[in-house]
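Each residue of the sequence shown is one higher than the last, beginning at 111 in my numbering.
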Amino acid sequence: MDPLPAAAVTAAAEAEADEEADPPAADLPMPQVSEQRDPDPGRMQVPQGNPLLLSHSLQELLARDNVQVDLVPEKKGLFLKHVEYEVSSQRFRSSVHRRYNDFVVFRELLLQKFPYRMVPSLPPKRALGADREFIEARRRALKRFINLVARHPPFSEDVVLRLFLSFSGPDVQSKLKESAQCAGDEFLSCKLAPRAKDFLPADIQTQFAVSRELIRNIHNSFYKLRDRAERMASRAIDNAADLLMFGKELSALGSDTTPLPSWAALNSSTWGSLKQALKGLSVEFALLADKAAQQGKQEETDVVEKLNLFLDLLQSYKDLCERHEKGVLHKHQRALHKYGLMKRQMSAAVHSREPEAVEQLESRIVEQENAIQTMELRNHFSLYCLHQETQLVHVYLPLTSHILGAFVNSQIQGHKEMGKVWNDLKPKLHCLFVGPTSTLTPPRSPRDGLSPQ
């Protein structure tokens, strides 16, 4: 029997793993997702010419759904407290309670059904010692996860997502697993999967390598931008705490009741007026602290979280590229090894004139060739999906302008409001600056009247 062509062998990556992971195609009916579709004008439109190309905008993706994830007051279990989240979907007009493990099962099913798509990661789980800061960070990460999933075109049409966001029964995990039990993965349910190669450009491997490198560079830059934005927001909140304490210390100084010593009696009126002025400054400093805290929290929400959302998407793309590359390479080596072993066994059986062994080996080799052909189709479909996922990443790129706009507006508004409070505070300082003739002489700007000496 002639050896397989090189193109077929490259798909060998999926030989035995597919046999273990995927049920027989005959038992996999097409998912009836069309019944759950709603007339959403922002839904992605597939051009008639080439289904590889997708026409949509960032606004259309964001309009698919807006999911809120809020903490539910803690409940005590038999031994430990557990955290629940209220997950509210605008699209399904639903509000359900979910635990972290529900998210885990949901993500596992997404990976099972859509192995060639970007499935965002979940935040890490901490068994013991979860403080408020950790719980809040995890809540935000879960919100980013579910919104990326809910806005992803293939995911948004799947019954698993609808159940996760709307099913309010007692055991959502069993319901999710039941819905995916006979569904198979996207390769088996997509009508275009056997023809994916026809839509791929000739230089798909080159495009894949270039796109992967570009996304890696973008991820590295946005990672640094997120860190700087996080530090700036944190500094604004720390500044708020410092301003508040500054005002409290001034107020405490003005409220000091220690008697004035006898040798300072000549300045008793000065100290009394200073104390009175200092005592009243805490109000303005508390207002300054409030403005600074508002600016820091707004930047955390509008800048840092949007950067984190985009980073989660970029990381899921990097993970997808690794799954494609490592999976194909590993399974390719396994299939090559198995196929080569069969060919050697066939040669030995022919030389030893064992007709029964030859017949059995011929049957096994035919099965292996069929498996490799299936893997070749899967490999092309994986590249087909990667091409589409790359487009989705670039659709999210304009989010950069949203982030920068939110950052600039926050800075403008924050400085404007704090500047007004500082201007209101300045007249109250006049009584603190009394000259030799008891005239008010507040200090001038460093630029005014200072000689080089």
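Beta carbons: idealized from backbone N, C-alpha and C, even for Gly.
### Task
Using the Cα positions of P371 and L384, report the straight-line distance between them to the nearest angstrom.
Numbered from its first residue, the sequence shown carries residue 371 at position 261. Numbered from its first residue, the sequence shown carries residue 384 at position 274. A direct Cα-Cα distance of roughly 16 Å separates P371 from L384.
### Query
By DSSP, does P134 sit in helix, in strand, or in coil?
Here the question's residue 134 lines up with position 24 in the sequence shown. Interpretation of P134 is limited by its pLDDT of 36, a score under 50 that renders its predicted location unreliable; the figure taken from the coordinates is listed afterwards. In the structure shown, P134 sits in coil (DSSP, three-state: anything other than H, G, I, E or B).
### Message
Relative to the C-alpha of Q405, which candidate in P183, L258, S344 and G382 has its C-alpha closest?
### Response
For this step, residue 405 is matched to residue 295 along the sequence shown. Taking only the C-alpha atoms, the option nearest Q405 is S344.
### Message
Could you tell me the alpha carbon to alpha carbon distance between P311 and E267, rounded to whole angstroms?
### Response
As a working mapping, residue 311 is identified with position 201 in the sequence shown. As a working mapping, residue 267 is identified with position 157 in the sequence shown. Those two C-alpha atoms are separated by around 27 Å.
### Residue from Q222, T500 and K358 with nearest C-alpha to S289
As a first step, residue 289 must be located in the sequence shown, where it is residue number 179. Among Q222, T500 and K358, the Cα nearest to that of S289 belongs to Q222.
### Task
Confirm, please, whether the CB-CB distance from A387 to L539 is below 9 Å.
Mapped onto the sequence shown, residue 539 falls at position 429. Mapped onto the sequence shown, residue 387 falls at position 277. Going by C-beta atoms, L539 is nearer than 9 Å to A387.
### Message
With distance defined between alpha-carbon atoms, name the residue in S205, V259 and K235 nearest to R227.
### Response
Here residue 227 refers to the residue found at position 117 when the sequence shown is read from its first residue. It is V259 whose Cα lies nearest to the Cα of R227.
### Task
Would you kindly work out how many angstroms separate the C-alpha atoms of E124 and E469, rounded to a whole number?
The count along the sequence shown starts at 1 and reaches residue 124 at position 14. The count along the sequence shown starts at 1 and reaches residue 469 at position 359. Its pLDDT being 40, under 50, E124 is placed unreliably by the model, and the measurement read from it follows with that caveat. The alpha-carbon atoms of E124 and E469 are separated by roughly 25 Å.
### Query
Using 8 Å as the threshold, is the region 310-325 in touch with the region 355-369, meaning 3 or more CB pairs across them?
no
#### Entry: Cβ-based burial, F265 [other Cβ within 10 Å; buried from 16]
Residue 265 sits at position 155 when you count from the first residue of the sequence shown. By the C-beta density criterion, F265 is buried, having at least 16 other C-beta atoms within 10 angstroms.
### Message
Here's a check: name, in chain order, each residue in its chain whose Cβ is nearer than 6 Å to the Cβ of F491, leaving out the five neighbours to either side.
### Response
As a first step, residue 491 must be located in the sequence shown, where it is residue number 381. These residues qualify, in order along the chain: F297, A303 and A306.
### Query
Taking Cβ positions, are V197 and V179 nearer each other than 9 Å?
The count along the sequence shown starts at 1 and reaches residue 197 at position 87. The count along the sequence shown starts at 1 and reaches residue 179 at position 69. Yes. Within cutoff.
#### Entry: Continuous beta strand (DSSP E) stretch holding H525: start and end
Indexing the sequence shown from 1 puts residue 525 at position 415. Unbroken run through H525 is the alpha helix (DSSP H), L509 to L535; no beta strand (DSSP E).
### Query
Quick check: the region 273-281 against the region 199-209, are there 3 or more CB pairs under 8 Å?
Counting C-beta pairs closer than 8 Å gives three or more between the region 273-281 and the region 199-209, which meets the contact rule.
### Message
Are the CB atoms of L424 and F318 within a distance shorter than 9 Å?
### Response
Walking along the sequence shown from the start, residue 318 turns up at place 208. Walking along the sequence shown from the start, residue 424 turns up at place 314. No, the pair does not count as a contact, with Cβ atoms beyond the cut-off.
### Message
Tell me whether the region 161-169 and the region 234-253 touch, counting them as touching only if at least three CB pairs, one residue from each stretch, are closer than 8 Å.
### Response
no
### Task
In angstroms with no decimal places, state the Cα-to-Cα distance between K434 and R208.
As a first step, residue 434 is located in the sequence shown; it is residue number 324 there, counting from the start. As a first step, residue 208 is located in the sequence shown; it is residue number 98 there, counting from the start. Reading off the sequence, residue 434 comes out as His, not Lys. Distance between the alpha carbons of H434 and R208: 31 Å.
### Query
Is it right to say G382 is buried, meaning 16 or more other beta carbons lie within 10 angstroms of its own, or is it exposed?
Against the sequence shown, residue 382 aligns to sequence position 272. So G382 ends up on the exposed side.
### Nearest-angstrom Cα separation, counted from E499 out to N160
Counting from 1 along the sequence shown, the entry for residue 160 is found at position 50. Counting from 1 along the sequence shown, the entry for residue 499 is found at position 389. Computed Cα separation, rounded: 15 Å.
### Query
What are the boundary residues of the alpha helix (DSSP H) that S266 is part of?
Here residue 266 corresponds to residue number 156 of the sequence shown, with the count starting at 1. P263 to S266 is the extent of the alpha helix (DSSP H) around S266.
### Task
List the endpoints of the continuous alpha helix (DSSP H) containing S204.
Position 94 of the sequence shown, counted from the first residue, corresponds to residue 204. S204 -> not in any alpha helix (DSSP H); beta strand (DSSP E) instead, spanning S204 to R209.
### Query
Excluding five sequence neighbours on each side, which residues of the same chain lie with their C-beta closer than 7 Å to the C-beta of R261?
Position 151 of the sequence shown holds residue 261. Within the same chain, R261 has close Cβ partners L171, L172, R174 and D175.
### Task
Determine the burial state of S199: buried for a count of at least 16 other Cβ atoms within 10 Å of its Cβ, exposed for fewer.
Within the sequence shown, residue 199 is the residue found at index 89, counting from 1. Buried.
#### Entry: Other residues of its chain near E340: CB distance less than 6 Å, five sequence neighbours each side excluded
Your numbering for residue 340 matches position 230 in the sequence shown. Cβ neighbours of E340 beyond the five flanking positions: V414.
### Query
Nearest CA to the CA of L471: which residue from K448, G524, P183 and Q408?
Position 361 of the sequence shown holds residue 471. Per the Cα distances, K448.
### Query
Hey, how far is the Cα of D313 from the Cα of S511?
Along the sequence shown, one-based indexing puts residue 313 at 203. Along the sequence shown, one-based indexing puts residue 511 at 401. Looking at the two C-alpha atoms, the distance is approximately 32 Å.
### F224 - containing alpha helix (DSSP H), residue span
On the sequence shown, position 114 is the one that residue 224 refers to. No alpha helix (DSSP H) holds F224; DSSP gives it neither H nor E.
### Whether Y195 touches L286 by CB criterion (9 Å)
In the sequence shown, residue 195 corresponds to position 85, counting from 1. In the sequence shown, residue 286 corresponds to position 176, counting from 1. Not in contact: Y195 and L286 (Cβ atoms no closer than 9 Å).
### Task
Measure how close the beta-carbons of V270 and L220 come, nearest whole angstrom, since I'm counting them as under 8 Å.
Within the sequence shown, the letter at position 160 stands for residue 270. Within the sequence shown, the letter at position 110 stands for residue 220. Rounded, the Cβ-Cβ distance is 7 Å, consistent with contact.
### Task
With a threshold of 16 other CB atoms inside 10 Å of the CB of M485, please say whether the residue is buried or exposed.
The residue given as residue 485 occupies position 375 in the sequence shown. That one is buried.
### Message
What does the Cβ neighbour count give for P141, buried or exposed, with the cut at 16 atoms within 10 Å?
### Response
Mapped onto the sequence shown, residue 141 falls at position 31. Residue placement at P141 is poorly supported in this model, since its pLDDT is 35, which falls under 50; the coordinates still yield a value, given next. So P141 counts as buried.
### Message
If you follow the alpha helix (DSSP H) that R336 is in, where does it begin and where does it stop?
### Response
As a working mapping, residue 336 is identified with position 226 in the sequence shown. First-last of the alpha helix (DSSP H) with R336: I314 to G364.
### Message
Can you find the residues in the same chain that come closer than 8 Å, C-beta to C-beta, to L397, ignoring five residues on each side of it along the sequence?
### Response
Along the sequence shown, read from residue 1 onward, the residue named residue 397 stands at position 287. Same-chain partners within the cutoff: V531.
### Query
According to the Cβ coordinates, are L335 and F395 closer than 9 Å?
Position 225 of the sequence shown holds residue 335. Position 285 of the sequence shown holds residue 395. Not in contact: L335 and F395 (Cβ atoms no closer than 9 Å).
#### Entry: Span of the alpha helix (DSSP H) around L172
Residue numbering aside, residue 172 sits at position 62 when the sequence shown is read from its first letter. It spans L168 to L172 - the alpha helix (DSSP H) in which L172 sits, taken as one unbroken run.
### Query
Contact check, K416 vs L509 under 8 Å by CB: the rounded distance?
Residue mapping note: residue 416 aligns to position 306 of the sequence shown, counting from 1. Residue mapping note: residue 509 aligns to position 399 of the sequence shown, counting from 1. Rounded, the Cβ-Cβ distance is 6 Å, consistent with contact.
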